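Participant: Okay, here's the structure, questions in a sec.
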Amino acid sequence: MMQTHFEKYIEGLGIVAEGTQVLLAVSGGVDSMCMCHLFQHAEIPYGIAHCNFRLRGAESDADEAFVRAYAEALGVPCFTRAFDTKGYAATQGISIQMAARALRYEWFDTLLVPNGYDYVATAHHLDDQVETFFINLIRGSGIAGLHGIRPLTGKVLRPLLFATRSEILSYVEAHAIPYREDRSNASIKYLRNRIRHEVLPRMEAIEPNFSRKVNRTVSFLRKSEMIVNQCIEEAERVAVRKENDKIVINIRALWHYEPTDYYLYHFVRPYGFTASQVEDMMRALSNPPGGQFLSQSHLLFVGREEIVLVPRREVPEAYYLLEEKSEQMASSWCWKMGREAIDPSVFVFPGSESEVCLDSAKIRFPLTLRHWREGDFFFPLGMNHKKLLSDFFVDKKMDVLQKRETWLLLSGEDIIWVVGHRIDHRYRIMESTEEVIRFSVKREEISK
């Protein structure tokens, strides 16, 4: 009976074709040994891969020896590998469980193509599905977590999701299939085991066939998620654009989608931002420009018209020195400069924000190129008194990101040009000016 269900389930996933080969992830426990037996009798070509995570001392080594002997008796290929799981977890700053998962799937990826396998199969079953649902429910997961374990994700196949733990155990006992006991499965130290041993038996007592009903709910949630994702993708095409490594969200377009916070969360979640941060972003949207947010990988700025995400980099305190050369690179900008003798009465001023002319006699090289610092000031063209750059930025309605990206050109301690915006009044061309230095700047793509 179970063999028939298994073969129908595999057929329904559409992965069985002539020549298809599957690599089975076999721990030696009851679930994976059941999976081996089912594949063997379905006559689907397979091999075995066993991970020794070295977490249970001699027992881990005994599991490996058991799987090796079983594969040899069947005459199927067997791959084994031992891992320093605790060491990896420590260096990566993650849990033992997360480390084991990362190590096993990374290794499986290296085995598939070189050895001619199309999929790797794990022995997750229906009870695992229900346990995962409750774990994510307890953690406050959204719909993406409640959809549970997918039968097929990329090259990872889970062919036992149709069967409960008790059905698997009955099948193994009926066919006298050998397996190894993992004593850690009985411990309630881990959340999954507490749900397995304390929660689910009580739920089954209240509602027989509880696991299958939860699985039906998970199936509905998975379909609902597909609809939600389609809506988010449509909104993303309208409200979000990418400019090189910068992601820009149009605030006016964002407000057209409700619930707005839900859409915003899905736009920024891939860049490491959390639901609680999105709550703060929504408050900032009501009072723009509303601040700066950090994830592990990105900076997010809430402006008046746009939300901007950029990769998180340290803004260097070091600055660039510009010598008096006709052309040179600083950061990703190409700077050009040259001296010109002029007649101030007929001189034509540049018409571009990326080009300025200043009185040559007042400028001392090398020039300094750097970003804004707290307390910076200059004398904006047309003003005979100094103004804090922070106030100048406010007058220009510049958001946090624009301030951060603005370059300043200095002669000595004087800011002579807020690049792209305004020169300093003291360095302007006057009737007495005999020679100017013409500066022009443009961004250049630097090949990596």
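Residue numbers (this note's numbering): 48 to 495. From the three backbone atoms N, C-alpha and C, an ideal C-beta is built for every residue, glycine too. Every value quoted in this text rests on a predicted model; they were computed, and no experiment measured them.
#1: Since Val167 and Leu70 should fall inside the 8 Å C-beta cutoff, what is the C-beta to C-beta distance between them, to a whole number of angstroms?
#2: Using DSSP with H/G/I as helix, E/B as strand and the rest coil, what is Phe486?
#3: Closest to Leu207 by C-alpha separation, out of Ala120, Ser79 and Val246, would be which residue?
#4: Which of the three DSSP states, helix, strand or coil, is assigned to Tyr166?
#5: Could you tell me the alpha carbon to alpha carbon distance between Ala249 and Tyr164, rounded to whole angstroms?
#6: Tell me whether Pro363 is buried or exposed, calling it buried when 16 or more other Cβ atoms sit within 10 Å of its Cβ.
#7: Taking all protein chains shown into account, do 16 or more other C-beta atoms lie within 10 angstroms of the C-beta of Phe412, making it buried, or fewer, making it exposed?
#8: Let's see if you can read the secondary structure: which residues bound the alpha helix (DSSP H) around Gly134?
#9: Run the CB neighbour count on Glu111, radius 10 Å, all protein chains shown included, and call it buried at 16 or more, exposed below.
#10: Does Pro358 come out as helix, strand or coil in the three-state DSSP assignment?
#11: Per DSSP, what kind of secondary structure is Gly187 in: helix, strand or coil?
#12: According to the Cβ coordinates, are Leu193 and Leu247 closer than 8 Å?
#13: Roughly how many whole angstroms lie between the Cα atoms of Ser437 and Val447?
#14: My understanding is that Leu347 touches Gln339, with C-beta atoms under 8 Å, so please give their C-beta distance in whole angstroms.
#15: Is it buried or exposed, Phe396, if we count other Cβ atoms within 10 angstroms and call 16 or more buried?
#16: Considering only their Cβ atoms, is the gap separating Gly76 from Tyr226 smaller than 8 Å?
#17: How far does the beta strand (DSSP E) with Thr127 in it reach, from first residue to last?
#18: Determine the direct distance from the alpha carbon of Val441 to that of Arg475, and round the result to whole angstroms.
#19: How would you label Cys278, buried or exposed, when you count the other beta carbons within 10 angstroms and need 16 or more for buried?
#20: Buried or exposed, going by whether 16 or more other CB atoms sit within 10 Å of the CB of Val315?
#21: For Phe130 versus Arg101, is the C-beta spacing smaller than 8 Å?
#22: Excluding the five sequence neighbours on either side, which residues of its own chain have a C-beta within less than 8 Å of the C-beta of Val287, listed in chain order?
#23: Compute the beta-carbon to beta-carbon distance between Val488 and Ser401, rounded to the nearest angstrom, for a pair I have assumed lies under 8 Å.
#24: For Lys443, which residues in the same chain have their Cβ closer than 7 Å to its Cβ, ignoring the five residues on either side in sequence?
#25: Provide the residue(s) that pair with Pro11 in DSSP beta bridges, ordered along the chain.
#26: For Phe394, count the other beta carbons within 10 Å of its own beta carbon; 16 or more makes it buried, fewer makes it exposed. Which is it?
#27: Report buried or exposed for Ser107, applying the criterion of at least 16 other Cβ atoms within 10 angstroms of its Cβ.
#28: I need the DSSP call for Ser458, collapsed to helix, strand or coil.
#29: Skipping 5 residues on each side, what residues in its chain have a beta carbon closer than 6 Å to that of Phe53?
#30: Ignore the nearest five residues each way along the sequence and tell me which others in Glu371's own chain have a CB closer than 6 Å to its CB.
#31: Find the nearest neighbour of Cys98 within the set Asp174, Val73, Gly104 and Ala322, judged by alpha-carbon distance.
#32: In chain order, what residues of the same chain have a beta carbon less than 6 Å from the beta carbon of Ala282, not counting five sequence neighbours either side?
#33: Can the beta-carbon of Ser18 be found less than 8 Å from the beta-carbon of Ile190?
#34: In this structure, does DSSP put Lys443 in helix, strand or coil?
#35: Under 8 Å between the Cβ atoms of Phe439 and Asp471?
#36: Would you identify the three-state DSSP class for Leu341, choosing helix, strand or coil?
Facilitator: Quick answer:
#1: 5 Å
#2: Phe486 falls in the strand class under three-state DSSP.
#3: Nearest C-alpha to Leu207: Ser79.
#4: strand
#5: One point to set straight first is that residue 249 is Arg, not Ala, in the sequence displayed. Spanning the two alpha carbons is a distance of roughly 41 Å.
#6: Summary for Pro363: the model assigns pLDDT 47, below 50, so the residue's position carries little reliability; its value from the coordinates is reported in the next sentence. The residue in question, Pro363, is exposed, as its Cβ has fewer than 16 Cβ neighbours within 10 Å.
#7: exposed
#8: Thr132 to Gln139
#9: buried
#10: strand
#11: coil
#12: No, the pair does not count as a contact, with Cβ atoms beyond the cut-off.
#13: If you take the alpha carbons of Ser437 and Val447, they lie about 11 Å apart.
#14: 7 Å
#15: Taking all protein chains in view, the Cβ of Phe396 is surrounded by fewer than 16 other Cβ atoms within 10 Å, so the residue is classified as exposed.
#16: yes
#17: Cys125 to Ala129
#18: 23 Å
#19: exposed
#20: buried
#21: yes
#22: Ile294, Val295, Ile296, Asn297 and Phe314
#23: 5 Å
#24: His468, listed in sequence order.
#25: This structure does not reach residue 11, given that the chain is present from 48 up to 495, and the question cannot be answered.
#26: With fewer than 16 other beta carbons inside 10 angstroms of its own, Phe394 counts as exposed.
#27: The residue in question, Ser107, is buried, as its Cβ has 16 or more Cβ neighbours within 10 Å.
#28: DSSP places Ser458 in strand when its eight states are reduced to three.
#29: Leu85
#30: Phe412
#31: Val73
#32: These residues qualify, in order along the chain: Tyr304 and Tyr310.
#33: Outside the modelled stretch of the chain, which goes from 48 to 495, sits residue 18, for which no answer is possible.
#34: coil
#35: no
#36: strand
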